[in-house]
Amino acid sequence: MTNSSTIEKTKSSLKIFSGLSSFQMLAMFRRGLFYTYLSIYMREFLNMSVFETTLYATIPMIMSIIFQNFVWGPISDKFQRRRTLIILGEILAGTGTITVWYIHFLLANAHTAGYGIKIGDVIFSSLYISGYVIIIGLSLVEMFWSMSNIGWSALLSDLYPSEKRSKIMGQLTSLGGLGRIIGIFIGGFLYDAGFGFRNGALFIIASFVMFISTIPMFFTPEGGVNIDLPEQENSLEITDNNQNHILIFIIFTMALIFINFGRNSIAVPYPQYLSLDSGFNVGSIMLSFIANMRSLATLVIGFTAGFLSKKFGHSRTLIVGTSIGIIGLIITATTIHLQLIFAGAFLIGAAEVIIYASSYAIASVLIPARMRGKLFAVYNTTFFLSWGIAGTFISGPLIDSLISEGKSEVFAYQMAFLTGALICLLGLFIFIALKIWIKIKKKSNPPNL
0 MTNSSTIEKT KSSLKIFSGL SSFQMLAMFR RGLFYTYLSI YMREFLNMSV FETTLYATIP
60 MIMSIIFQNF VWGPISDKFQ RRRTLIILGE ILAGTGTITV WYIHFLLANA HTAGYGIKIG
120 DVIFSSLYIS GYVIIIGLSL VEMFWSMSNI GWSALLSDLY PSEKRSKIMG QLTSLGGLGR
180 IIGIFIGGFL YDAGFGFRNG ALFIIASFVM FISTIPMFFT PEGGVNIDLP EQENSLEITD
240 NNQNHILIFI IFTMALIFIN FGRNSIAVPY PQYLSLDSGF NVGSIMLSFI ANMRSLATLV
300 IGFTAGFLSK KFGHSRTLIV GTSIGIIGLI ITATTIHLQL IFAGAFLIGA AEVIIYASSY
360 AIASVLIPAR MRGKLFAVYN TTFFLSWGIA GTFISGPLID SLISEGKSEV FAYQMAFLTG
420 ALICLLGLFI FIALKIWIKI KKKSNPPNL
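So the sequence shown is numbered by numbering that gives the first Met the number 0: it starts at 0 and just counts up by one.
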């Protein structure tokens with residue numbers, strides 16, 4: 000290869016990575032800005048229960064998974080148009096988010112005039128109903144935003160060989176952490192005791208970022224693979240060992256379900272816990288500092304995730320990351336010192352990037368190129384559903400029930416966090432058992448996780 004061709008290849012690689020990293024930074028900026036404070040707004044400003052506040056994560060994520068698995072995943076595999084799905088998804092989601100705010104704003108304003116809706120003998124305030132407008136509206140938005148999610152997961156595997164994916168994913172997650180830090184800080188200043196959501200500043204900025212995040216995607220290839228060509232990687236091809244490959248993928252997915260459900264069961268209640276008057280009673284600015292400790296861990300550790308996977312293997316790295324996450328949950332649940340809350344947040348953030356990078360690398364080896372749309376939708380399910388369902392069916396009801404029994408709010412939240420740690424530990428045991436089974440099964444030749 001000549002020097003000129005090497006230079007051109009390097010320039011092309013940098014151009015692609017710049018486009019991907021810019022998109023990731025904008026995406027995480029938007030999430031930090033918006034979702035860090037949404038549950039507090041719904042709990043304290045709209046007067047919804049802990050269980051109800053988890054619904055804004057659960058129902059939209061269910062819609063996302065349904066459409067990833069049964070609509071956009073198959074479409075992605077059929078047409079192999081990854082970048083197109085990302086761009087369309089961001090534009091439609093941005094438009095939908097502004098619409099959700101406007102309808103919610105009209106109802107919130109109606110509350111100030113004393114309007115409400117009577118159902119049976121109960122009168123629901125317009126302010127309370129506006130919370131459900133957010134939940135239902137974001138669910139409809141996710142139907143289209145999921146186009147972007149599935150396109151992103153498949154595109155990375157299209158563009159990079161298996162030996163580079165963990166490194167690239169770690170670097171992208173790290174840069175995303177930088178975007179999240181900026182988003183959380185700005186969101187903390189704009190929150191304004193809930194009026195940042197009510198009057199639209201946070202909704203509008205989040206939508207604007209969705210629109211401009213499409214710009215760097217024009218600097219990346221469309222993605223996709225030639226489905227008529229044979230596979231170039233070890234994957235789920237139909238061979239004598241195909242049943243072993245399928246079983247490995249199923250057990251691996253089960254382990255991820257427990258790992259992610261455990262650590263993400265605290266996602267929605269976490270900022271509420273820190274804001275409790277009877278607990279740490281932090282304001283939005285202090286909350287932004289705590290949340291950004293997690294983002295800082297993502298930023299710092301993300302660049303080493305690829306090195307860890309290369310040196311110790313993807314599976315050992317996943318085990319280490321999960322163990323760190325469990326320790327972070329236990330510290331968060333048991334400490335009464337704000338300094339240790341910062342330490343717990345750092346460990347939770349470090350675990351997040353390590354788990355994401357190593358598990359993605361494992362999944363990308365197990366999934367054949369021609370089925371990346373469908374099977375990455377299954378992989379994404381373990382992350383997306385855990386962010387909402389774990390809160391709705393585990394931590395939310397547990398917290399509400401303990402409070403209704405007369406337990407203190409602080410105790411109720413702490414028990415939910417410890418429960419999350421136990422669930423995460425169960426997932427770790429399942430994955431370790433899978434590794435032991437692979438080593439024992441000498442006659443088969445499964446992928447090297």
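Ideal Cβ positions, reconstructed from N, Cα and C, are used throughout, including at glycine.
Euclidean distance between Cα positions of residue i and residue j
i	j	result
S394	L246	30 Å
M168	S12	15 Å
V140	W100	12 Å
I398	T53	12 Å
I237	A415	With a pLDDT of 31 at I237, under the threshold of 50, the modelled position of that residue is not reliable, and no figure is offered here.
T219	G95	25 Å
S173	F210	22 Å
E51	G387	11 Å
Y269	H336	15 Å
M328	K440	First, the amino acid is wrong: residue 328 is Leu here, not Met. Answer to the nearest angstrom: the Cα atoms are 34 Å apart.
I102	G186	21 Å
L452	I133	As displayed, the chain neither begins before 0 nor continues past 448, which places residue 452 out of reach and without an answer.
S75	Y34	28 Å
F260	N68	19 Å
R81	E221	6 Å
F430	P367	21 Å
I284	A342	18 Å
F428	M60	26 Å
F251	L421	18 Å
L417	A411	10 Å
F28	I249	33 Å
I86	L401	44 Å
L177	I97	25 Å
Local conformation of residue i per DSSP, three classes
i	result
G278	coil
Y412	helix
S212	coil
E221	coil
V352	helix
K440	coil
S407	coil
V366	Residue identity check: residue 366 is Ile in the sequence provided, not Val. Coil at I366, not helix or strand.
I340	helix
N148	helix
G31	helix
S287	helix
T334	coil
P160	coil
S21	helix
I435	helix
V267	coil
N108	helix
G182	helix
N259	helix
L45	coil
G312	coil
C-beta contact flag for residue i and residue j at 9 Å
i	j	result
T297	V364	no
L189	L201	yes
R293	I347	yes
G419	N263	yes
A376	G31	no
T391	T57	yes
I323	A344	no
R369	S156	no
S212	E43	no
I265	T321	no
I361	L317	yes
S129	F104	yes
N148	N379	yes
S138	M62	yes
Y359	S145	no
P160	S17	no
N198	Y127	no
Opening and closing residue of the alpha helix (DSSP H) in which residue i lies
i	result
W386	371-389
P199	In the sequence as displayed, the identity of residue 199 is Gly instead of Pro. Taken as a continuous stretch (DSSP letters only), G199 belongs to no alpha helix (DSSP H), as it is neither H nor E.
Y55	49-66
G193	Here G193 belongs to no alpha helix (DSSP H), and DSSP marks it neither H nor E.
P73	72-78
Residue-chain proximity (residue i, chain B), Cβ-Cβ < 9 Å
i	result
A205	The structure shown contains no chain B; it is built from a single protein chain.
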